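Reviewing the structure listed below.
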Amino acid sequence: MGWQGHRWLVYASLLGFVAPSAHGVTQGELFPFGPSAGDQVLEAGSDQTYRLVLDKPALFYDGTFDSIFINTNGFVATAEPTSESTYLGKMPAKFGMIAALQGDLDTSDGLGKVFFRQDSTPEALRRSAEHINRAFPEDDEVSPTHTVVITWSNVASREPPSRGDTRTLGIKKRNTFQLVIASLETASYALALYPRDGIQFSSTPAESGSAVMHAGFSKGQVQGFLFNSQGPYYRTTTNDEESVRALAEETNSGMRGVWVHEVGTSPYFSDVAPGEVPDLPTDEAPTDDPEEAADLTDPAYTDGQQVEYPPYDADRGQIQIIPVQYQPPQPGNPEVVEVVDDGDISVDVISYTDSLGSCASNRKKCSQFADCRDYSSGYCCHCRPGFYGNGIQCVAEGKPQRTNGKLYGKVYVGNSASPVEFTGNDLHSYVVVNDGRSYVAISDIPDSLGPSLQPLTALGGVIGWAFALEQPGFKNGFSLIGGEFTRQADVTFLPRNEKLTIRQEFKGIDEHDHLEMSTNVEGQVPEVPPGSTVQIEPYSEIYQYSNNLITSSSTRDYKLTLPDGSTQTRTYQWRQTISFQSCPHGDALRDMRATQMLKVDQVFVMYDANDIIRFAMTNKVGDVNGGQPEENPCFTGRHGCDTNAICRPGDGTQFTCDCATGFNGDGRTCYDIDECREDPQICGSHAICNNLPGTFRCECEDGYQFGSDGQTCIEVDRPTDACEEGTHTCDIPERAQCSYRGGSSYVCSCLPGFVGDGRICEDIDECQPGRCHQDAVCYNMQGSFTCQCLPGFYGDGFSCSPERTKSQCEAHRDSLLGATEFGPRGPRPPVGQYVPTCDQNGAYEPMQCHGSTGQCWCVDRNGQEIPGSRSRPGSKPMCIDHGGVPPPVGPTPRPDVHPLQPGTHLLFAQSGRIEHVPMDGHDMRKADGKAVLHLPEKVVIGVAFDCVEKMIYWTEITSPSISKASIEGGEPVFVISSDMDSPEGIAIDHLGRTLFWTDSVKDRIEVASLDGSQRRVIVDTDLVNPRAIIADPNNGNLYWADWNRDAPKIETSYMDGSNRRVLVKDELGLPNGLTYDSQSSLLCWADAGTHKMECMNPARGDRRKVTEGIQYPFGMTLFGKNIYYTDWRRDAVVAVDRYTGQESDEFQPQKRTKLYGIATAYAQCPSGQNYCAVNNGGCTHLCLATPFGRSCKCPDNAAQVGCVERDGGY
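So, in structure tokens, the structure goes:
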């Protein structure tokens, strides 16, 4: 789904834009208040309090409150306030306080009032959400469910201070301000609004004379074990009166005079969080002269008069400004324009190459939203109603437009001898087309250049022209020439004549409806000292149009405020040419006027601490002669329509809002139409429909491609994987392995223990002299062999001796008995000592009992007690023989635990549970997502799935351990529960029947058999914070990530830990998630530090970016064309198409907590073999696959009898 009625400010925030009101919030822009809004009124007087019982609780710091106390003195309390003498001038208060603007205030004169109400209307919730989401652009969007609106209107100081601060000529100064407490289930926000001219005094009386008014948040006193102490205290203002006056001039939310703070969260709270979007530079002071004021915003033009920008000396190398003669409208000659020829203009004008073509052969060249029309001399494309453009490129009317591009080139700053080079910096823009507001952001601009680029609105000005708000009878750039054109701008800075050339190539609309472009800059700019701000007044530009060429030139002033407070006015001249390809047939150019004027105002420029240069401006295109001022909101941009809506003018100031094509709603709020869901067959057979904001895109399924009509998916004659389909000619899987080599080729190879060409494999007789002990007999078997000691000898066949070697159980038993003294009846262990019992073969008896207590319990083959099996004295548990198969009995699942149905599922971990989402093809069946396993009070981190036995394995750190459970239900079973500190990542080799895990406290990677036995450390050096780990059983490789903040890296080794090497170490932040696709040999990772997802082929090192802008990924897995990752910020499983990099789906479980590891539970095991898949690779204990064979390893924790270690292959 695309955006659903979200206001433009949110997207502007995603670009990092500050887009406050140019003049601050007015009293008319406050939330509605007063009797007409349904407000209650606080009793008149001073220090009056009213307890308001809340419909829904509010959160403040770590507390939850069902009521609040509204006070005359400019604050809201969470408990009954104490006398004002205890806090006026003595902050912080001893009670919880949200101070909008706290001081000694008075409403007893009847003019000042305190209004308040609870408001859960859609409009109040929408406005609150808009302020909050604009203030926290990097966080998930929030949607409040309840607000409290408190307005202190025209309140006065209780009495004027002696210095006369609040009274002038007998008239009291009054303050007006508003506090909105907006809450949702997990958080509360305080929105403080200070209108322009609303703060007329900044101090009030106090015991010691006067005290500066206060804005901020105090938790009050906190009860301790022995005594109380003052809790946290957050101040918005300081003890300086200027900080109070600045409340209406500055911001932390992106709108001047509006301050947003997150003041409470649940279940955990750390600190008050202020909004993250600072204010604009201070506006130019208004002038008292109306004529002078007009000069600041309007160009100098009159009907019938020549307009020419001030000339400059051409000998000094300045740009010649082209004069244009304007004449009054005349009958039959509405516009007569004389353009002075400029021989210096040299552009490559694209010719119309297929002038004699027809729609029959060229229809596909038109946009999918255009119709092709034949003319006698050729054909032209025309956008359909509801769309605009040149027919080749068409976009929906009213829909916001995005632009993506890269910046290249070299720029010298001032007298610097070396340039700053651009090698592909990201350039993004966003335009709210229905009000003409455009935003441009360029990233990774170094400090040495960033401040000096601030005057160059010309870098993004052409985007504003392309999508400018159109006045009646005039068209913006995209309406006339579409999205494929080349623009060159030559800039000369005065008075030193530094020159800069900007060349931009616009490449048209891509499949995501984004305009693609590339920018190259070369030249020199004058230096702007760091810390300086740049202010650009409104300006106008004249655009001159011909068939394939548009020209424009102007002179532009900007005001520079230096860090010391001094100001300078600087100037630059610029001239631009735009070349494009137009359709020469029919009436395609009839609507192109010879000249148009682009008016630009509300210009904002900033270079921020994130090395991003930002430009914002409002653009309107209209008559060069001015014409009558338009009052209709559709032409002024002040209409209030949704950003995805078209404003349609009516008579006078009347208008209507219609949602753009592809959206539904009333025009004030528009929702994206999911065409794919409404018409599942819209793309035809063998096609996949991808919904986009306002439109959709069809893609052919794997194995299909678009036919000649560009719409029908036809089957591709592509090679097939005979290994996967089972059509190969290799020997049976028990003797041979089929390896796909791409195309239609595959290779057959015999498994270890067999010889042949792979198509026919014969068993190798391994019983050669010396294979077994001299006192043993060798028995050959299919693919392997076994050694058995001769009668009278004992051992495993590799080592035989006349005396029988004690088994683990016997050694355990005899070590206890041998340490005791002999009594009258022979050797006896100390009283209370448990001694194991062994069977006739020396193995542990399945049931062990304590001779003193009478308790019995079950043990595994290593003598380890099976949790939950210990019985009471006098009864015996049912213990299963180690060599037998357990009967299918056990406890039934809990009612809210759902065993998995057949098919492929996604498994993911939350605190206290493991959930699943079934898959339907590549789509998540979100409605069927449920918990598969409840693990109360456990923090589950890693999840893995054994496709052979259908078992879920997981790590948890509450009681550090690894456990498993069947997906068909039943109780969890401990696998490993000792010698662990923080097990996190977990991976399974389903072929070799081993599991691998990382421990981020012990800083090591270990392996064990799936039952937890035969544990061995394989990597324990140069690890700091290992987390994610992935196994590639087919190729015998391991991959893991170490998110060490000082040196993050991604590494690999063979499964035995050998051949360890670093794959990636540059441009990493917090690589949390890893996944590997054996079919494409792609290793992919998600980074919570760089907010990127990337992939590479480990053998080739061809690293590529899949997507960026992700928030806080943790775990990830891959299935088909999608990568699925869990996100801590969004509390969701997110699907990303690994080929397009586009987010395709999101699933938020009912329980909204952090999501950890994620894994794919395949319906069938993936195809493949390794050397450990058959007969444990011939190893006595651990078999660990490598790319060329296997390593036989012994566990760390015991000197196993007969354990033989071998490295490499056979």
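Residues in the sequence shown are numbered consecutively from 11, following the numbering used here. Ideal Cβ placement from N, Cα and C applies to all residues, glycine included. Since the structure is predicted, the reported quantities are computational estimates derived from the model, not experimental observations.
The beta-carbon separation of residue 942 and residue 1166, rounded to 15 Å, does not stay under the 8 Å limit for a contact. Relative to the Cα of residue 734, the nearest Cα in the group 755, 110, 194 and 1071 belongs to 755.
Short of 6 Å from the beta carbon of residue 228, and not among the five residues preceding or following it, lie these beta carbons of its own chain, in chain order: 102, 103, 107 and 243. Straight-line spacing of the CA atoms in residue 1088 and residue 1042 works out to 7 Å. Residues of the same chain with a CB within less than 7 Å of the CB of residue 99, apart from the 5 flanking positions on each side, are 216, 217, 218 and 221 in chain order. Residue 702 and residue 1152 have their C-alpha atoms spaced approximately 10 Å apart. Runs of the beta strand (DSSP E) lying entirely within the region 79 to 127 and spanning at least 3 residues, in chain order: 85 to 87 and 107 to 112. Runs of the beta strand (DSSP E) lying entirely within the region 982 to 1013 and spanning at least 3 residues, in chain order: 983 to 986, 993 to 999 and 1004 to 1009. Setting aside the 5 residues that flank it on each side, residue 724 is surrounded in the same chain by 714, 715 and 717, each with a C-beta closer than 7 Å to its C-beta; the list follows chain order.
If you draw a straight line from the Cα of residue 678 to the Cα of residue 472, it is about 29 Å long. Contact between the region 245 to 257 and the region 196 to 210 is established, with three or more Cβ pairs separated by less than 8 Å.
In the DSSP annotation of this structure, the continuous segment of the alpha helix (DSSP H) that includes residue 489 starts and ends at 487 to 491.
Residue pairing of residue 1138 in beta bridges, as defined by DSSP: absent, with no partner found. According to DSSP, residue pairing for residue 675 in a beta bridge involves 680.
Shown here, residue 932 sits in coil according to DSSP, grouped into three states, outside any helix or strand. Separation of the CB atoms of residue 1001 and residue 1183 is rounded to 4 Å, and the pair is thereby assigned contact status at 8 Å.
Exclusion of the five residues before and after residue 1114 leaves 1104, 1105 and 1106 as the residues of its chain whose Cβ lies within less than 8 Å of its Cβ.
Inter-segment contact for the region 642 to 654 and the region 397 to 417 is present: three or more beta-carbon pairs are separated by less than 8 Å. Apart from the 5 residues on each side of it in sequence, residue 1195 sits with its Cβ closer than 6 Å to the Cβ of 1002, 1046, 1065, 1180, 1181 and 1182 in its chain, given in chain order. Secondary-structure assignment with DSSP links residue 585 through a beta bridge to 500 and 563. For residue 605, the uninterrupted beta strand (DSSP E) segment begins and ends at 605 to 617. Going by DSSP, residue 645 is part of the alpha helix (DSSP H) stretching over 643 to 646. The way I'd put it, the region 1188 to 1203 doesn't touch the region 1049 to 1060; fewer than three beta-carbon pairs between them come closer than 8 Å.
Taken in chain order, the unbroken stretches of beta strand (DSSP E) that lie wholly in the region 492 to 553 and span 3 residues or more are 494 to 504, 508 to 519, 524 to 535 and 543 to 545.
Around the beta carbon of residue 742, fewer than 16 other beta carbons lie within 10 angstroms, which makes this residue exposed. Membership of residue 167 in any alpha helix (DSSP H) is not indicated; the residue belongs instead to the beta strand (DSSP E) covering 156 to 167. Secondary structure at residue 37: helix, using DSSP grouped into helix, strand and coil. When DSSP reads this structure, residue 1199 sits in a beta bridge with 1196.
Proximity to residue 109 across 1038, 225, 454 and 269 peaks at 225, based on C-alpha coordinates. Out of 54, 956, 966 and 939, the CA that lies nearest to the CA of residue 948 is found in 966. Taking the Cα positions, residue 168 is about 31 Å away from residue 239. Cα atoms of residue 150 and residue 1156: separation of roughly 13 Å, rounded to the nearest angstrom. Residues of the same chain with a CB within less than 7 Å of the CB of residue 429, apart from the 5 flanking positions on each side, are 420, 421 and 422 in chain order. Annotation: residue 667 to residue 647 spans about 12 Å, alpha carbon to alpha carbon. Here residue 217 carries a coil assignment [DSSP, helix/strand/coil]. Take residue 62, set aside five residues on each side of it, and the residues of its chain with a beta-carbon closer than 8 Å to its own are 77, 78, 79, 80, 126, 128 and 158, in chain order.
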